[in-house]
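J.:
Protein chains: 2
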Amino acid sequence: MLELVDLDKRLDEDVHDRVFPELEIRLGECQRAARAANVPVVVVFEGWDAAGKGTIINRLTQALDPRGFRVHPISAPNEDERLHPWMGRFWKKLPPAGALAIFDRSWYGRVLTERLNEGLSKRRWREAYDEIQQFERQLADAGTVIVKFWLHISRKEQRKRFKRLEKTAATAWKVGKDEWAQSRHYDRWLAAAEEMLARTSTAYAPWTVVEATDARFRRVKVFEVLTQAIQTEIDRRAAAPPVVLKPMDVPEPSPTDEQTILDRLDLTLSLSREEYEKQLDKLQKRLFRLEHEMYVARVPAAIVYEGADAGGKGGNIKRLTAGLDPRGYEVVPVGPPDAPEKAHHFLWRFWRDVPKAGHITIFDRSWYGRVLVERVEGYCSEDEWRRAYREINEFERQLTEFGAVLVKFWLHIDRDEQLRRFEARRDEPAKQWKITDDDWRNREKWRQYNVAVVDMLEKTSTPYAPWTVLEANCKLHARIKALRTVADALEAAL
Amino acid sequence: MLELVDLDKRLDEDVHDRVFPELEIRLGECQRAARAANVPVVVVFEGWDAAGKGTIINRLTQALDPRGFRVHPISAPNEDERLHPWMGRFWKKLPPAGALAIFDRSWYGRVLTERLNEGLSKRRWREAYDEIQQFERQLADAGTVIVKFWLHISRKEQRKRFKRLEKTAATAWKVGKDEWAQSRHYDRWLAAAEEMLARTSTAYAPWTVVEATDARFRRVKVFEVLTQAIQTEIDRRAAAPPVVLKPMDVPEPSPTDEQTILDRLDLTLSLSREEYEKQLDKLQKRLFRLEHEMYVARVPAAIVYEGADAGGKGGNIKRLTAGLDPRGYEVVPVGPPDAPEKAHHFLWRFWRDVPKAGHITIFDRSWYGRVLVERVEGYCSEDEWRRAYREINEFERQLTEFGAVLVKFWLHIDRDEQLRRFEARRDEPAKQWKITDDDWRNREKWRQYNVAVVDMLEKTSTPYAPWTVLEANCKLHARIKALRTVADALEAAL
Numbered sequence: 392m393l394e395l396v397d398l399d400k401r402l403d404e405d406v407h408d409r410v411f412p413e414l415e416i417r418l419g420e421c422q423r424a425a426r427a428a429n430v431p432v433v434v435v436f437e438g439w440d441a442a443g444k445g446t447i448i449n450r451l452t453q454a455l456d457p458r459g460f461r462v463h464p465i466s467a468p469n470e471d472e473r474l475h476p477w478m479g480r481f482w483k484k485l486p487p488a489g490a491l492a493i494f495d496r497s498w499y500g501r502v503l504t505e506r507l508n509e510g511l512s513k514r515r516w517r518e519a520y521d522e523i524q525q526f527e528r529q530l531a532d533a534g535t536v537i538v539k540f541w542l543h544i545s546r547k548e549q550r551k552r553f554k555r556l557e558k559t560a561a562t563a564w565k566v567g568k569d570e571w572a573q574s575r576h577y578d579r580w581l582a583a584a585e586e587m588l589a590r591t592s593t594a595y596a597p598w599t600v601v602e603a604t605d606a607r608f609r610r611v612k613v614f615e616v617l618t619q620a621i622q623t624e625i626d627r628r629a630a631a632p633p634v635v636l637k638p639m640d641v642p643e644p645s646p647t648d649e650q651t652i653l654d655r656l657d658l659t660l661s662l663s664r665e666e667y668e669k670q671l672d673k674l675q676k677r678l679f680r681l682e683h684e685m686y687v688a689r690v691p692a693a694i695v696y697e698g699a700d701a702g703g704k705g706g707n708i709k710r711l712t713a714g715l716d717p718r719g720y721e722v723v724p725v726g727p728p729d730a731p732e733k734a735h736h737f738l739w740r741f742w743r744d745v746p747k748a749g750h751i752t753i754f755d756r757s758w759y760g761r762v763l764v765e766r767v768e769g770y771c772s773e774d775e776w777r778r779a780y781r782e783i784n785e786f787e788r789q790l791t792e793f794g795a796v797l798v799k800f801w802l803h804i805d806r807d808e809q810l811r812r813f814e815a816r817r818d819e820p821a822k823q824w825k826i827t828d829d830d831w832r833n834r835e836k837w838r839q840y841n842v843a844v845v846d847m848l849e850k851t852s853t854p855y856a857p858w859t860v861l862e863a864n865c866k867l868h869a870r871i872k873a874l875r876t877v878a879d880a881l882e883a884a885l
Numbered sequence: 392m393l394e395l396v397d398l399d400k401r402l403d404e405d406v407h408d409r410v411f412p413e414l415e416i417r418l419g420e421c422q423r424a425a426r427a428a429n430v431p432v433v434v435v436f437e438g439w440d441a442a443g444k445g446t447i448i449n450r451l452t453q454a455l456d457p458r459g460f461r462v463h464p465i466s467a468p469n470e471d472e473r474l475h476p477w478m479g480r481f482w483k484k485l486p487p488a489g490a491l492a493i494f495d496r497s498w499y500g501r502v503l504t505e506r507l508n509e510g511l512s513k514r515r516w517r518e519a520y521d522e523i524q525q526f527e528r529q530l531a532d533a534g535t536v537i538v539k540f541w542l543h544i545s546r547k548e549q550r551k552r553f554k555r556l557e558k559t560a561a562t563a564w565k566v567g568k569d570e571w572a573q574s575r576h577y578d579r580w581l582a583a584a585e586e587m588l589a590r591t592s593t594a595y596a597p598w599t600v601v602e603a604t605d606a607r608f609r610r611v612k613v614f615e616v617l618t619q620a621i622q623t624e625i626d627r628r629a630a631a632p633p634v635v636l637k638p639m640d641v642p643e644p645s646p647t648d649e650q651t652i653l654d655r656l657d658l659t660l661s662l663s664r665e666e667y668e669k670q671l672d673k674l675q676k677r678l679f680r681l682e683h684e685m686y687v688a689r690v691p692a693a694i695v696y697e698g699a700d701a702g703g704k705g706g707n708i709k710r711l712t713a714g715l716d717p718r719g720y721e722v723v724p725v726g727p728p729d730a731p732e733k734a735h736h737f738l739w740r741f742w743r744d745v746p747k748a749g750h751i752t753i754f755d756r757s758w759y760g761r762v763l764v765e766r767v768e769g770y771c772s773e774d775e776w777r778r779a780y781r782e783i784n785e786f787e788r789q790l791t792e793f794g795a796v797l798v799k800f801w802l803h804i805d806r807d808e809q810l811r812r813f814e815a816r817r818d819e820p821a822k823q824w825k826i827t828d829d830d831w832r833n834r835e836k837w838r839q840y841n842v843a844v845v846d847m848l849e850k851t852s853t854p855y856a857p858w859t860v861l862e863a864n865c866k867l868h869a870r871i872k873a874l875r876t877v878a879d880a881l882e883a884a885l
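Keeping their order, the protein sequence lines are chains X and B. Counting from 1, position 318 in the first sequence corresponds to residue 709 in our numbering; the numbering is continuous, with no gaps. Counting from 1, position 29 in the second sequence corresponds to residue 420 in our numbering; the numbering is continuous, with no gaps.
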């Protein structure tokens, strides 16, 4: 592919001077239109050392309104980033709706520098290809424009540039051991780049190879392609039918509905107080020991609590954490997204809270809100929640690939038990704050929630991140089962 | 002080069991009241190793609604944190209005562990005392409750606990070289702790020494003190007169008004296009070289642009960055705060963008919005903008103490020039987006802005962070002066 690129392409100065000022204005217009239409834009620059990434990025930023973009120079991950799944640091740098992020090098470092120079294992960089594609597809599906440039120059041209840079003190630092190594192994890099371009050029996130020998040509091409890509998405949105948001319909009751996994639960399972105390004490001690072993082995864990209102999530989490050292775990309560969170992909905020190697994060509600409350209430479109099952599976897979243990609980109670608990909360002054009008409203949607829960369990229980349903009519039983499940999962991982 | 603490204090089990459940409920109530009243709460635990910080924090979290707090275990700063002023990492962890942050160790590490174990220079830990007090005063002034606990045990008790912990495999890891070193140098630590308590116990952020020998006593005291502190702030707010927010009055024109620094400017200063091109080219090359030298020397720089609307900030910044390597600088445009930013101290968001060692951050508008637009429009109270001058000086002092170069520009034009530029923008299609109704409205407040600007210049021009006023009627002159000022400042620092 790259051997067919005509590296002699040039643009005459007079053509450039006629076309380029126009392009700069157009790009500025596009940026403002993207802001108005809430389109996020991700621009990636990869390419040979000395191909001119820095220069072209500077030209771009000159044409853009600074209130709408950020430049992210990517180098090797720092200490803290290494303790997290590798994609996390890119998620955190994504632009909110209406803004641009320009990446000077990117997640592709994983299949280039890290593969070629840092001896990343074959298994890892192969896995990286999957994760890159998941990442870009998820963003594109949510309406992000992704424009990727490969700045291409020949080995000869690169060597010429290195020598020129080395001549001046002010630029000599740009050429070091790594740069000359790339020149020496140009063919090896070329093969890796070819593979990368072939494997990750998709309809929604295509690569543009830029003939980068001539600065004028390079500049005009980058501006044209970027402007066009943004404009296309703006036009697409303008022409698209409006997104319909509506609450979930009440499905017609059907006899087959009654055969769900939730109906088969034995909600009479219970535990005596005495038996509970005995087991609780043992489990908490075991968990305390495991928490430390996880820390030493640098294994992270994410524990997800979902469940019916008044299902007992809070009390369950308290028993789980009561024996733990607070330095090793964190409870992350998840509520409705705030404004910056709404301006991003729904998984964005959870990437921020992914557990660090050796630490445990307990999610009190989670990313499953997308396929539960957001689906039931119509806070997102049907396309969005349908897509979410796969996106969640991919997200969890990336966590477990990193080595994380994932435990997911659904706390289930029946409708009568919920009523009893609601009434108890309502009648007891110290607990009244726990019950809101929302809870009573949600209760009216019991049927819809049950359908959503069953779909969720079926579509997101994976070998690497299985669901555990807790029969929670008896809180004591649910707590012991939860603690044991966590302890067993941690032990299995160690 | 600490020698007077009665470490034999104990609480009988029956007293504890009568009082404590009540306290847990009270604390939960307080937390919810704090959320309703938008009170942020910061809780700090410091004290001897094995004094029981982890245990008491766990008890606290059991009593709290997890949707309203975060626990922050503090250990040595990581690689990235070391490249920033040391207070930054604590700023980033501050709770938003209505939430709690619990610190397991804290910024006091700077005057304890880092001083005693890591050989922090005397100058540094002395400076740290100032910065700690500034930090806590700024938070308290903005309505944050700060509760600090020193968990105290005797040397003998500590040794006993270490031995007990060492006996069990599950806890032996808690006692290492550092812990035994503290025991050995108990007296040295005691002296440092005494000094810390004496120097940083303030009315708005007092220390509570907790007799921590007996777990029951310790627990009850912590719960009582914390609950009381939160309640006091809630009561204070309820009783306080409502905060008045009003736009700045138009001051009566007085002959003395005309003698301000702004009136003395020579706005006829100008530069020919030819001279400009020549100097620009030289300055950009010089800045490119300096950018790299700053990087090598690990010196950070913050460059602040403030100025009248249409004063030419954007164009000026573009000329400053045109020659730079995008990997070494970042332009941070500052607009109105979003919801999470509004829920914090006004400086909070700027701490996030403080330049990293070796990098340049250019602020297009900045923290000075507090004493400009917020003052003029009445977006904050008079107390708040009056306090802000000192808070800003302290903030900038902390940056320069860390080694940062600070350059601050006010771009000044006269009213006629502004009108010419507004009209040009209005009449030129490609520039219309640059002018909004807000700009015309602000123009009506020219006089108020002038008063605010003069106050700002007078109160925040410090030896370590002086203002440079740019005569900006001629853009070319203003650009060259800005670039030269930056280059000179960087050179002086190197």
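Every residue gets a Cβ at the ideal spot worked out from N, C-alpha and C, and that includes glycine.
Check residue 413/X in the structure and name its three-state DSSP category.
T.: Residue numbering aside, residue 413/X sits at position 22 when the first sequence is read from its first letter. The answer is helix: DSSP assigns residue 413/X an H, G or I state.
J.: Pick out whichever of 859/B, 871/B and 469/B has its Cα sitting closest to the Cα of residue 669/B.
T.: In the second sequence, residue 669/B corresponds to position 278, counting from 1. When each option's Cα is compared against that of residue 669/B, the closest is 871/B.
J.: Let me see if you follow: with CB-CB separation under 8 Å, is residue 691/B close to chain X or not?
T.: The sequence position of residue 691/B within the second sequence is 300, counting from 1. No, no contact with chain X.
J.: Just to make sure I have the definition right: I need the residues of chain B whose C-beta is within less than 8 Å of the C-beta of residue 564/X. Which are they?
T.: Your numbering for residue 564/X matches position 173 in the first sequence. Going along chain B in sequence order, the residues near residue 564/X (Cβ under 8 Å) are 683 and 687.
J.: Anything in chain X within Cβ reach of residue 411/B, meaning under 8 Å, just list it in chain order.
T.: Here residue 411/B refers to the residue found at position 20 when the second sequence is read from its first residue. Near residue 411/B there are no residues of chain X at all, since even the closest Cβ is about 15 Å away, more than 8 Å.
J.: Cutting at 6 Å between CB atoms, please list the residues of its own chain near residue 889/B, excluding the five before and the five after it.
T.: A query on residue 889/B cannot be resolved here, the shown segment of chain B reaching from 392 to 885 and no further.
J.: Let me know the alpha helix (DSSP H) ranges lying completely inside the stretch 564–590 of chain B, each 4 residues or longer, listed in chain order.
T.: Runs of the alpha helix (DSSP H) spanning 4 or more residues and lying entirely within the stretch 564–590 of chain B occur at 568–575, in chain order.
J.: Cβ closer than 7 Å: which chain B residues qualify as neighbours of residue 713/X?
T.: If you number the first sequence from 1, residue 713/X lands on position 322. Chain B residues near residue 713/X: 449 and 453.
J.: Applying a beta-carbon distance threshold of less than 7 Å, which residues of chain B neighbour residue 709/X?
T.: Numbered from its first residue, the first sequence carries residue 709/X at position 318. In chain order: 453.
J.: What residues in the stretch 809–835 of chain B have a beta carbon less than 8 Å from any beta carbon of chain X?
T.: 821 and 824
J.: Please name the residue, chosen from 416/X, 438/X, 396/X and 411/X, that lies closest to residue 823/B on a Cα-to-Cα basis.
T.: Here residue 823/B refers to the residue found at position 432 of the second sequence. Of 416/X, 438/X, 396/X and 411/X, the residue nearest in Cα terms is 416/X.
J.: Under 8 Å between beta-carbons, which chain B residues line up against residue 544/X? List them in chain order, please.
T.: Working through the first sequence from its first residue, we reach residue 544/X at position 153. In chain order: nothing, as chain B lies at least about 18 Å away.
J.: Is there a Cβ from chain B that is less than 8 Å from the Cβ of residue 470/X?
T.: For the purposes of this step, residue 470/X is taken as the residue at position 79 of the first sequence. Residue 470/X counts as touching chain B.
J.: Measuring straight from C-alpha to C-alpha, what distance separates residue 622/X and residue 423/X?
T.: Within the first sequence, the letter at position 231 stands for residue 622/X. Within the first sequence, the letter at position 32 stands for residue 423/X. Going by the C-alpha atoms only, they are around 11 Å apart.
J.: Along chain X, in chain order, which residues have C-beta atoms closer than 9 Å to that of residue 431/B?
T.: In the second sequence, the residue the question calls residue 431/B occupies position 40. Under the 9 Å cutoff, chain X gives no residues; its nearest Cβ is about 16 Å from residue 431/B.
J.: Using 8 Å as the limit for Cβ to Cβ distance, is residue 892/B near chain X?
T.: In the structure displayed, chain B extends from 392 to 885; residue 892/B sits before or after that span and is not available.
J.: Cβ closer than 7 Å: which chain B residues qualify as neighbours of residue 695/X?
T.: On the first sequence, residue 695/X is found 304 positions in, with the first residue counted as 1. Result: empty, since nearest Cβ-Cβ is about 14 Å, beyond 7 Å.
J.: Can you tell me whether DSSP reads residue 751/B as helix, strand or coil?
T.: On the second sequence, residue 751/B is found 360 positions in, with the first residue counted as 1. Correct three-state label for residue 751/B: strand.
J.: Please list the partners that residue 679/X has in chain B, where partner means a Cβ-to-Cβ separation under 8 Å.
T.: Taking the first residue of the first sequence as position 1, residue 679/X is located at position 288. For residue 679/X, the residues of chain B that pass the 8 Å Cβ criterion are 561, in the order they occur in the chain.
J.: Mapping DSSP to helix, strand and coil, what is residue 461/X?
T.: By one-based count along the first sequence, residue 461/X stands at place 70. Secondary structure at residue 461/X: strand, using DSSP grouped into helix, strand and coil.
J.: Please state whether the Cβ-Cβ distance between residue 448/X and residue 436/X is less than 8 Å.
T.: Taking the first residue of the first sequence as position 1, residue 448/X is located at position 57. Taking the first residue of the first sequence as position 1, residue 436/X is located at position 45. For residue 448/X and residue 436/X, yes; Cβs fall inside 8 Å.
J.: Report the CB separation of residue 795/X from residue 692/X in whole angstroms; it is logged as a contact under 8 Å.
T.: Against the first sequence, residue 795/X aligns to sequence position 404. Against the first sequence, residue 692/X aligns to sequence position 301. About 6 Å separates the beta carbon of residue 795/X from that of residue 692/X, a gap short enough to meet the 8 Å contact definition.
J.: Taking all protein chains shown into account, decide if residue 799/B is buried (16 or more other Cβ within 10 angstroms of its Cβ) or exposed.
T.: As a first step, residue 799/B is located in the second sequence; it is residue number 408 there, counting from the start. Counting Cβ neighbours within 10 Å, residue 799/B comes out buried, since at least 16 surround it.
J.: What do you get for residue 510/X, buried or exposed, if any count of 16 or more other CB atoms within 10 angstroms of its CB means buried?
T.: Sequence index remark: in the first sequence, residue 510/X carries index 119 (1-based). It counts as exposed.
J.: Given this structure, state the Cα-to-Cα distance separating residue 791/B from residue 785/B, to the nearest angstrom.
T.: Taking the second sequence and counting its residues from 1, the one referred to as residue 791/B is at position 400. Taking the second sequence and counting its residues from 1, the one referred to as residue 785/B is at position 394. Going from the Cα of residue 791/B to the Cα of residue 785/B covers about 10 Å.
J.: Which bits of chain B does residue 428/X rub up against, with CB to CB less than 7 Å?
T.: The residue labelled residue 428/X in the question sits at position 37 within the first sequence. The contacting residues do not exist; residue 428/X stays about 14 Å from chain B at best.
J.: Using a Cβ distance threshold of 8 Å, determine whether the stretch 467–482 of chain X contacts the stretch 709–726 of chain X, with at least three qualifying pairs required.
T.: no
J.: Under the three-state reduction of DSSP, which class applies to residue 820/X: helix, strand or coil?
T.: Taking the first sequence and counting its residues from 1, the one referred to as residue 820/X is at position 429. Residue 820/X falls in the helix class under three-state DSSP.
J.: Pick helix, strand or coil for residue 484/B, following the three-state DSSP scheme.
T.: Position 93 of the second sequence, counted from the first residue, corresponds to residue 484/B. Coil.
J.: Going along the chain, which residues of its own chain have a beta-carbon closer than 7 Å to the beta-carbon of residue 428/B, five neighbours each way excluded?
T.: Looking up residue 428/B in the second sequence gives position 37. Result list for residue 428/B: 625 and 628, in chain order.
J.: So, under 8 Å CB-CB, residue 856/B and residue 787/B are touching, yes? Tell me the CB distance rounded to an integer number of Å.
T.: Counted from its first residue, the second sequence places residue 856/B at position 465. Counted from its first residue, the second sequence places residue 787/B at position 396. Going by Cβ atoms, the distance from residue 856/B to residue 787/B rounds to 4 Å, so yes, they are a contact pair.
J.: State buried or exposed for residue 486/X, treating a residue as buried only when at least 16 other CB atoms are found within 10 Å of its CB.
T.: Residue numbering aside, residue 486/X sits at position 95 when the first sequence is read from its first letter. Residue 486/X comes out buried.
J.: Roughly how many angstroms lie between the CA atoms of residue 801/B and residue 439/X, to the nearest whole one?
T.: Translated into positions along the second sequence, residue 801/B becomes position 410. Translated into positions along the first sequence, residue 439/X becomes position 48. Roughly 41 Å separates the two Cα atoms.
J.: Cα separation between residue 806/X and residue 765/X?
T.: In the first sequence, the residue the question calls residue 806/X occupies position 415. In the first sequence, the residue the question calls residue 765/X occupies position 374. Residue 806/X and residue 765/X: Cα-Cα distance of roughly 21 Å.
J.: Please state whether the Cβ-Cβ distance between residue 400/X and residue 540/X is less than 8 Å.
T.: Indexing the first sequence from 1 puts residue 400/X at position 9. Indexing the first sequence from 1 puts residue 540/X at position 149. Cβ atoms of residue 400/X and residue 540/X: not closer than 8 Å.
J.: How is residue 522/B classed by DSSP in three states: helix, strand or coil?
T.: Stepping through the second sequence from its first residue, residue 522/B is reached at position 131. In the displayed model, residue 522/B falls within a helix according to three-state DSSP.
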